[in-house]
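Enquirer:
In the numbering used here, the protein residues as written are -18 to 104.
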């Protein structure tokens, strides 16, 4: 192997490590909502969800406003498997999803490809 081969291998490994860190390990912000009626949180969708963790009271209706700021095909859909919700997110528009976590617990949400992850935590 020559130097160019080694450079390509090292570059490829670096890209794989960065992609895995970005999609699976990078820390995202958290939003805690204290409201007596309906909790409302705006989530920016741009290479991930920001905030990626939303804390609410169990039994509280939650209105999540997804503000998609990109055209990546991965982020064009959000899925809440525990609630049976699957919603298309048009690029550069806001889309509202309403759910009510009746029991305490962690309810995950992902993009349609399961590469972007977020959590709704009911306490």
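Here a beta-carbon is modelled for each residue, glycine too, at the ideal position from N, C-alpha and C.
Quick caveat: nothing in here was measured; it's all calculated off a predicted structure.
Alpha carbon to alpha carbon, how far is residue 48 from residue 81?
Expert: Residue 48 sits at position 67 when you count from the first residue of the chain shown. Residue 81 sits at position 100 when you count from the first residue of the chain shown. Going by the C-alpha atoms only, they are around 20 Å apart.
Enquirer: State the beta-bridge partners of residue 27 as determined by DSSP.
Expert: As a working note, residue 27 is residue 46 in the chain shown. None, per the DSSP bridge assignment.
Enquirer: Suppose the cutoff is 8 Å on Cβ atoms and the five residues either side in sequence are ignored; what does the same chain contact list for residue 53 look like?
Expert: Start at 1 with the first residue of the chain shown, and residue 53 comes out as number 72. If we look at residue 53 and ignore the five residues flanking it on each side, its Cβ neighbours are 28.
Enquirer: On the three-state DSSP scale, how would you describe residue 100?
Expert: What you label residue 100 is simply residue 119 of the chain shown in a count that begins at 1. Residue 100: strand per DSSP, three-state reduction.
Enquirer: Between which two residues does the beta strand (DSSP E) containing residue 45 stretch?
Expert: The sequence position of residue 45 within the chain shown is 64, counting from 1. Here the beta strand (DSSP E) through residue 45 covers 42 to 49.
Enquirer: Rounded to whole angstroms, what is the Cα-Cα separation between residue 43 and residue 36?
Expert: Counting from 1 along the chain shown, the entry for residue 43 is found at position 62. Counting from 1 along the chain shown, the entry for residue 36 is found at position 55. Rounded to the nearest angstrom, the two C-alpha atoms are 10 Å apart.
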